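Chemist:
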Amino acid sequence: MKECVQAAEGALKVLLVRPKFSSIVANLEPLGLEYISSLLNDVGFKNEIFDEFQHPRQFRFPRLARKIKRGGFDCVGFNANANTTDYIIQTSAHLKQRFPDLYIMVGGPEAELNYRDFFTDSIDFVYHDNGLTSLKNAFESRFAPDILAEQDGVCFKREGTWVVKEKGAPACGFLTQPDRSSLYANIRKNFIFRK
C-alpha cells in the first residue's frame, strides 16, 4: 500500500477527474463522480471534481499537475470511458513520475468492463463493482489490503502483484445521493444536441 494513504493524518484529499474526450453531441454532468463525491463527503474526506470538459484541451497535464500540487491531494481517481483509456494510462505514468506517493485509482464504465487494461505500474486501484459499498469500505480503510481482500469488484496490488476480486451482485440502490454542486456550477456548459 502507498505510504501517502497510510501515513496521511486526518481526512484524505481526493481529486476526482473526468478526462476530456471529443464529443460534439453532448457535454453532460459527471454523474458517476458526483455519486463518489457525495460518498466521500459522507465519510468525511475532502474531495473535488476536476472536470476537464470545463477547460480547453491545451496544457492538460500541467493544469492537472498544478491542481494536485496546490490542492495537496493524496489520491486521484479517474473516470474511464473507452475513449479515455490511453490518456489515463499515459497521464497516470506522468503523475507517478512527478508525485511518486500519489495513490491513483480508476473506475467508470471502461474499468467495469476491461479492468485488466489498467493493470500498470502507475495505477494502484481499479474499481469495477456495482454500487458503492466496496468503494466506501476501501476509502474508510485507506485502501488497507486486508480490507480490500474482503470487498467485491476491486483490483489492487499486493506485494507488486495485482489481486482481482470478482464483481458482486447488481446494486438496487446507492448509499448516497449525488453531490450535484459541480453540475450547478457549470450548468451553462452542459448540452446535448446543442441544447
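The sequence shown begins at 5 in the numbering used here and counts up by one. Positions of the beta carbon are idealized from the N, C-alpha and C atoms, including for glycine. Every value quoted in this text rests on a predicted model; they were computed, and no experiment measured them.
Between V168, F25, F160 and K17, which has its C-alpha nearest I92's C-alpha?
Modeler: Translated into the one-based positions of the sequence shown, residue 92 becomes position 88. That would be F25, whose Cα lies nearest to the Cα of I92.
Chemist: Could you name the residues of the same chain whose beta carbon sits closer than 8 Å to that of R102, not counting the 5 residues immediately before and after it, in chain order?
Modeler: Indexing the sequence shown from 1 puts residue 102 at position 98. Around R102: A69.
Chemist: Does the region 104-120 touch the region 78-94, meaning 3 or more C-beta pairs lie closer than 8 Å?
Modeler: A contact exists between the region 78-94 and the region 104-120.
Chemist: Is V167 buried or exposed, if buried means 16 or more other CB atoms sit within 10 Å of its CB?
Modeler: One-based indexing of the sequence shown puts residue 167 at position 163. Answer is exposed; the Cβ neighbour count stays below 16.
Chemist: Restricting to Cα atoms, I'd like to know which of L16, G157, T165 and Y131 is closest to D125.
Modeler: Along the sequence shown, one-based indexing puts residue 125 at 121. The candidate whose alpha carbon is nearest that of D125 is T165.
Chemist: Since I believe K73 is in contact with K50 (beta carbons under 8 Å), could you give me their beta-carbon distance rounded to a whole number of angstroms?
Modeler: Reading the sequence shown from its first residue, position 46 is the one you call residue 50. Reading the sequence shown from its first residue, position 69 is the one you call residue 73. Not a contact, Cβ separation roughly 16 Å.
Chemist: Taking the C-alpha atoms as reference points, what is the distance between P149 and R162?
Modeler: Numbered from its first residue, the sequence shown carries residue 149 at position 145. Numbered from its first residue, the sequence shown carries residue 162 at position 158. Cα to Cα, the separation comes out at about 7 Å.
Chemist: Whole angstroms is fine: what's the gap from K71's alpha carbon to E144's?
Modeler: Walking along the sequence shown from the start, residue 71 turns up at place 67. Walking along the sequence shown from the start, residue 144 turns up at place 140. When rounded, the distance between both Cα atoms is 24 Å.
Chemist: Starting from G111, follow its DSSP beta bridges and name the residues at the other end.
Modeler: The count along the sequence shown starts at 1 and reaches residue 111 at position 107. Note: G111 sits in a beta bridge opposite N83.
Chemist: Can you give me the C-alpha to C-alpha distance between L43 and L19, rounded to a whole angstrom?
Modeler: Position 39 of the sequence shown, counting from 1, holds the residue named residue 43. Position 15 of the sequence shown, counting from 1, holds the residue named residue 19. The straight-line gap from Cα to Cα measures roughly 13 Å.
Chemist: Of the choices G48, E52, V47 and K171, whose alpha-carbon is the least far from that of P34?
Modeler: As a first step, residue 34 must be located in the sequence shown, where it is residue number 30. Of G48, E52, V47 and K171, the residue nearest in Cα terms is E52.
Chemist: Going by DSSP, name the residue or residues bridged to K161.
Modeler: Translated into the one-based positions of the sequence shown, residue 161 becomes position 157. K161 is bridged to W166.
Chemist: Where does K100 fall in DSSP's three states?
Modeler: Position 96 of the sequence shown, counted from the first residue, corresponds to residue 100. Reduced to three states, the DSSP call for K100 is helix.
Chemist: R22: buried (16+ other C-beta within 10 angstroms of its C-beta) or exposed?
Modeler: Along the sequence shown, read from residue 1 onward, the residue named residue 22 stands at position 18. Flag for R22 reads buried.
Chemist: Going by alpha carbons, who is nearest to R85 out of D156, V47, Y119 and N141?
Modeler: Mapped onto the sequence shown, residue 85 falls at position 81. Residue identity differs from the one stated: residue 85 is Asn in this sequence, not Arg. N85 has its Cα closest to that of Y119, out of D156, V47, Y119 and N141.
Chemist: I'd like to know whether the C-beta atoms of L117 and T180 end up nearer to each other than 8 Å.
Modeler: If you number the sequence shown from 1, residue 117 lands on position 113. If you number the sequence shown from 1, residue 180 lands on position 176. No.
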